[in-house]
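Numbering (the working numbering), first residue to last: 17 to 234.
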């Protein structure tokens with residue numbers, strides 16, 4: 017093949033398609049009594065972003081749970097779904113016992129914490145090793161829409177971009193630091209030392225590994 021033909025073939029090649037980000041922004045929760053639902057979600061301490069009232073036929077409110085990048089809508093005239101038909105709305109939390117206690121203090125009826133693996137029966141209490149994605153507690157809004165707390169301490173490989181390490185709130189970062197401190201204490205003990213001068217580097221590697229889905233340090 018001549019150099020001229022090679023250049024022509026290369027120039028006619030289809031350009032590589034760039035990925036378009038598609039970020040889940042909002043889900044709709046069907047409710048029967050908008051004011052009652054508003055009081056409930058405000059009582060959770062969740063942020064009310066908008067409240068658009070167009071009279072008897074249309075009203076839309078947007079709420080965002082703390083630290084969440086996804087919001088939800090409640091209202092009237094916004095969905096044909098039956099009130100209370102939304103189920104298993106997962107709320108990822110870094111400390112399920114603390115999250116449950118906060119809801120209970122707000123007067124919310126929350127199930128006891130249980131733990132189980134995929135396809136396994138539920139057992140009482142948080143997972144003894146705090147395995148990620150393994151501990152749950154449930155509560156419902158006044159219409160019966162079901163929310164599920166799930167303790168997430170590290171992400172599955174492929175779930176996040178391994179080059180990004182983000183924390184949604186100071187509370188989430190604080191919980192991660194506590195886990196790092198506990199793991200680092202075991203690391204110091206294994207070395208037979210009382211103080212590791214390189215602890216900042218160790219913490220950084222631990223936090224990055226946990227958050228990006230890679231194995232954490234031993």
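Where is the CB? At the ideal position from N, CA and C, for every residue including glycine.
Return the residue from the list 216, 188, 190 and 120 that minimises the CA-CA distance to residue 200. For residue 200, the closest alpha carbon among the candidates 216, 188, 190 and 120 is that of 216.
Comparing C-alpha positions only, which one of 60, 163, 221 and 85 sits nearest to residue 127? Taking each of 60, 163, 221 and 85 in turn and checking the Cα distance to residue 127, the smallest one comes out for 163.
Report yes or no: do the stretch 43-54 and the stretch 85-100 share at least 3 C-beta pairs separated by less than 8 Å? Touching, yes.
Cα-Cα separation, residue 72 to residue 91: Rounded to the nearest angstrom, the gap between the Cα atoms of residue 72 and residue 91 is 11 Å.
Rounded to the nearest angstrom, how far is the Cβ of residue 167 from that of residue 194, given a contact under 8 Å? Separation of the CB atoms of residue 167 and residue 194 is rounded to 13 Å, and the pair is thereby denied contact status at 8 Å.
Is residue 203 close to chain D? Criterion is C-beta to C-beta, closer than 8 Å. Chain labels in this structure do not include chain D; a single protein chain is all it has.
What does the Cβ neighbour count give for residue 77, buried or exposed, with the cut at 16 atoms within 10 Å? Buried: at least 16 other Cβ atoms inside 10 Å.
Output yes or no for whether 8 Å exceeds the beta carbon distance between residue 74 and residue 158. Taking 8 Å as the cut-off, the beta carbon of residue 74 is found no closer than this to the beta carbon of residue 158.
Cα-Cα separation between residue 122 and residue 151, rounded to whole angstroms: Rounded to the nearest angstrom, the two C-alpha atoms are 21 Å apart.
Residue 198, buried or exposed, once every other Cβ within 10 Å from all chains shown has been counted against 16: With fewer than 16 Cβ atoms within 10 Å of its Cβ, residue 198 is classed as exposed.
Every unbroken alpha helix (DSSP H) within the stretch 104-139, with a cutoff of 4 residues, ordered by chain: The stretch 104-139 contains these whole alpha helix (DSSP H) runs: 112-121.
Beta carbon of residue 221, beta carbon of residue 212: below 8 Å? Not a contact, by the Cβ cut-off of 8 Å.
Helix, strand or coil at residue 163 according to DSSP, with G and I counted as helix: Here residue 163 carries a strand assignment [DSSP, helix/strand/coil].
With a 10 Å radius around its C-beta and 16 neighbouring C-beta atoms as the bar for buried, classify residue 112 as buried or exposed. Buried, by the Cβ-count rule.
Taking C-alpha atoms, which residue in 153, 79, 139 and 133 lies nearest to residue 109? Residue 153 holds the alpha-carbon nearest to the alpha-carbon of residue 109 among 153, 79, 139 and 133.
By DSSP's criteria, residue 148 is part of a beta bridge. Which residues make up the other side? Looking at the DSSP assignment, residue 148 forms no beta bridge with any residue, so it has no partner.
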